[in-house]
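The block underneath contains the structure these notes are about, expressed in structure tokens.
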Amino acid sequence: MDGSVELLGEKRRGKRTIIVRSESGIEREHLVSHGKHLRVHASDFVRAGEALVDGPLVPHDILRISGEEAVQHYLVREIQNVYRSQRVEIDDKHIEIIVAQMLRKVRIESVGDTGLLPGSVMDKFEFRGVNQRLSGCLRITEKGDSDFAVGAIVPKDTLEQVNAQIEALGGEASKGTRPKPATASTQLLGITKASVQSASFISAASFQETTKVLTEAALAGKVDTLVGLKENVILGHLVPAGTGFKTYQDSEVRIKPEALVDLAREKERVLTKAFPLLESGKDGHGSDGKGAKSSAGGLDALLSGE
């Protein structure tokens, strides 16, 4: 809560009391240990998520109050402080990749018009994909002369085609409204739990809790699509990185005819510059000028590979 700080002189159970009062008059009390060093003074204006005393913060509280980006910056900064205190330099991108994996899961709070289960935990990108597909649909409110059920989720293109056919026959078209998307909250997981909950059960089993991961995968009938690096390395496959991507593996390189001509001219120019004496062989004359044929075959023979 944003507001101004008020420090009370009295102590409660050996702790000092800090009151943050918002502009609307709402007050919130914070009890602080007597030995803690205060980072604020009386009448200071603080924003939600700012620290009132020195010391480490709770990342889950930062995520709940200030959001996902704030907790990412906090975790990267605190981890870097540990390494920098030992004079070890690590680029932020390595830590950011780990933090991104820790924040990759979301918990469903409101299912909206999706088929998700409330309280379930799923991948952030899968959740966004569900809402994105839902945005291209409509929820039927009036079926008209169509066969759609009221409340059914129908793609916009399908609804427009059916309505066009019904209107052409003089019938009443169905109507729909924009469906309600699902909402979710970002979950902050530890490194171990985030690794075990990987989408690839082969990758998760190679880290920790191998028996548990493989048993759950067998009971659920999971299928590993082998889209990551780790699972492909374990199976000895070509890793999907750089030229190992399927797009590059299935591609075919062709050289245009005009490019081949330019390439031959460039090759001739390079060889002429590197071996100037071969120019004499093009006319079939030796270096003595008596018409003897060069044994080297000249520049043309070298270019043709003979």
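Mapping to our numbering: the sequence shown position 17 is 21, numbers consecutive. Heads up, the beta-carbon is just placed ideally off N, CA and C, and yes, glycines get one too.
Take the Cβ of residue i as the centre, count every other Cβ of all protein chains shown within 10 Å, and call the residue buried at 16 or more, exposed below.
i	result
phenylalanine 279	exposed
glutamine 253	exposed
lysine 271	exposed
serine 37	exposed
serine 89	exposed
alanine 263	exposed
glycine 180	buried
leucine 107	buried
valine 265	exposed
leucine 163	buried
leucine 85	The residue you asked about is not leucine; residue 85 is asparagine in the sequence shown. With fewer than 16 Cβ atoms within 10 Å of its Cβ, asparagine 85 is classed as exposed.
phenylalanine 49	exposed
valine 92	exposed
glutamate 33	exposed
For residue i, which residues of its own chain have a beta-carbon under 7 Å away from its beta-carbon, when the five flanking residues on both sides are left out?
i	result
tyrosine 87	Ile94
histidine 64	Leu192
alanine 245	Leu233
aspartate 149	Ile170, Gly175, Glu176
valine 158	Cys141, Leu142, Ile144, Phe152, Gly180
isoleucine 2	Any answer about residue 2 is impossible in this case: the structure gives the chain only from 5 up to 310.
valine 200	Ala208, Phe211, Gln212, Glu213, Val217
valine 44	Val9, Val50, Leu56
glycine 18	His38
Starting from the C-beta of residue i, find all residues in its chain whose C-beta is less than 6 Å away, skip the five residues before and the five after it, and write them out in chain order.
i	result
glutamate 256	none
serine 202	Ala208
valine 125	Lys109, Arg111
glutamine 105	Ala198
lysine 40	Val57
glutamate 31	Ile23, Arg25
Can the beta-carbon of residue i be found less than 8 Å from the beta-carbon of residue j?
i	j	result
isoleucine 22	leucine 56	yes
valine 110	lysine 128	yes
isoleucine 112	glycine 119	no
serine 70	glycine 53	yes
leucine 35	arginine 16	yes
asparagine 135	alanine 186	yes
threonine 190	glutamate 72	yes
alanine 221	phenylalanine 211	no
alanine 74	isoleucine 66	yes
proline 183	leucine 138	yes
leucine 242	glycine 248	yes
phenylalanine 131	alanine 188	yes
isoleucine 96	arginine 51	Inspection of the sequence shows that residue 96 is occupied by aspartate rather than by isoleucine. Contact flag unset, no.
What separation, rounded to the nearest whole angstrom, lies between the Cα atoms of residue i and residue j?
i	j	result
serine 178	aspartate 161	13 Å
valine 62	glycine 232	32 Å
glycine 116	alanine 198	27 Å
lysine 216	leucine 79	29 Å
serine 8	serine 47	5 Å
glutamate 10	threonine 229	57 Å
alanine 300	arginine 273	Because the pLDDT at alanine 300 is just 47, under 50, the model does not fix this residue reliably, and the value given afterwards should be weighed accordingly. Between alanine 300 and arginine 273, the C-alpha separation is close to 18 Å.
valine 166	glutamate 146	14 Å
threonine 196	glycine 59	25 Å
isoleucine 259	alanine 172	53 Å
isoleucine 99	lysine 250	28 Å
glycine 133	glycine 194	25 Å
lysine 277	proline 261	25 Å
The ligand ZN and residue i: does any heavy atom of the ligand fall closer than 7 Å to the residue's C-beta?
i	result
glutamate 93	The ligand content of the structure shown is nil, which means the ligand ZN is not present either.
Could you name the residues of the same chain whose beta carbon sits closer than 8 Å to that of residue i, not counting the 5 residues immediately before and after it, in chain order?
i	result
leucine 12	Arg20, Thr21, Ile22, Ile23
glutamate 14	Thr21
**Study point:** Any 3 or more C-beta pairs closer than 8 Å across the segment 223-241 and the segment 153-167
**Key:** no
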